[in-house]
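The structure appears below as structure tokens.
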Amino acid sequence: MRQVTQRLKNGQIQIAEVPRPTVTPDSVLVDVRASLVSAGTERSTVEAARQSLIGKARARPDQARQVLDKARRDGLRATLDTVRTRLDQPSPLGYSSAGVMVEAGARVSGLRPGDRVACAGAGHAVHAELNQVPANLCARLPDTVSFEAGAFATVGSIALHAVRQAQTSIGERIAVIGLGLVGQLACRLLLAAGCVVVGVDLDPELVERARQAGVQWASVRSQLTDADLPTSAADCDAILITAATSSDDPVELAAALARDRARIVVVGDVGMKLPRSPYYGKELELRLSRSYGRSHPRGLAATSS
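Just so we're aligned, residue 29 is where the sequence shown starts under this note's numbering, counting upward by one.
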């Protein structure tokens, strides 16, 4: 079968012929009809793969430490052989798709062949003709929802779980820093929940898109100064950080936008060097949003409505 892969050595993307996956007791086999390309997550993955070894180490210091630990434990030659083998192997892309289930594992219940499903999970819901996906990462797709819409369920679930972590209430002012796909979906969920939404991004086009979706106040980051925020953007009850950057600016801006004892939820991969003074002075509460938690089926319903 065909699958979209990239080589971690140089970031080269190709459509490769790979063996057909086999079902396990707790998984299902899905004939993929639509697969979402995540412009943010997948682009950063590809760009990281195209970097030099030094660039890769800077981009992923956690993996660099693992390599150093292995070198100390197993020696330099064995470590180099392992790294070269890993970099030469094709790596799958994608984490959100939809299709028709064709086979179920022996311990799977609640799903059966022929069901239309939305699928989630890096390494599982990849860009391929057939996917082997753990059953708990699948949700039945209503007949009224297209495969194309169902392929957005994972991203919608990530946004929904972030909103749940923020514990928002009707009428609260909620800021969303980072208006990419997850941020845009979070804005729509917050609007549907009766919140007043503030949006911030570096890209004027994404800011305008948020405005068109109904966000009450949206601005390009460069037009904001932490010391002189407009009244309509300040004193937020909660802030969702859905950006992706190594900079600490999102967590610093979140503190500036927050009222006393506000809730700050970090969704994206951002710098986490918190400025002590505003976080301490306002008694801010920092929360993390871990992927989509229990929100995958609910996210499917919200994304497709």
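The C-beta atom is built at its ideal place from N, Cα and C for all residues, glycine as well. Predicted model only: the values in this text are computed from it and were never measured.
Considering only the alpha carbon of each residue, which of the options lies closest to residue i?
i, options, result
"S197", "G122, A272, L213 and G222", "G222"
"L268", "L169, V228, A220 and A67", "V228"
"L316", "I292, P303 and Y308", "I292"
"T69", "S119, G208 and G309", "G208"
"P381", "S66, P120 and N38", "The question about residue 381 has no answer, for the chain in this structure spans 29 to 333."
"G296", "I205, V130, P53 and L139", "I205"
"A284", "P170, S275 and L312", "L312"
"T270", "A262, D263, C264 and V279", "V279"
"R61", "L169, L108 and D54", "L169"
DSSP puts residue i in a beta bridge; with which residues?
i, result
"R315", "V293"
"I205", "V228 and I269"
"V298", "T273"
Helix, strand or coil for residue i, going by three-state DSSP, please let me know.
i, result
"A246", "strand"
"V32", "strand"
"D263", "coil"
"A284", "helix"
"V235", "helix"
"P306", "helix"
"S279", "One detail in the question is off: residue 279 reads as Val in this sequence, not Ser. DSSP places V279 in helix when its eight states are reduced to three."
"P89", "helix"
"T69", "helix"
Are the CB atoms of residue j and residue i within a distance shorter than 8 Å?
i, j, result
"A146", "G122", "no"
"L118", "A44", "Before going on, a small fix: residue 118 reads as Pro here, not Leu. Their beta carbons are under 8 Å apart, which means P118 touches A44 by this criterion."
"L158", "L64", "no"
"I186", "S305", "no"
"R287", "C264", "yes"
In chain order, what are the residue ranges of uninterrupted alpha helix (DSSP H) at least 4 long that sit wholly in the region 92-171? Taken in chain order, the whole alpha helix (DSSP H) runs of length 4 or more contained in the region 92-171 are 104-116.
Just list the beta strand (DSSP E) runs in the region 34-67, keeping only unbroken ones of 3 residues or longer that don't cross its boundaries, in chain order. Qualifying beta strand (DSSP E) stretches, in chain order: 41-45 and 55-63.
May I have a chain-ordered list of the beta strand (DSSP E) segments no shorter than 3 residues that lie completely inside the region 178-223? You should have 201-205.
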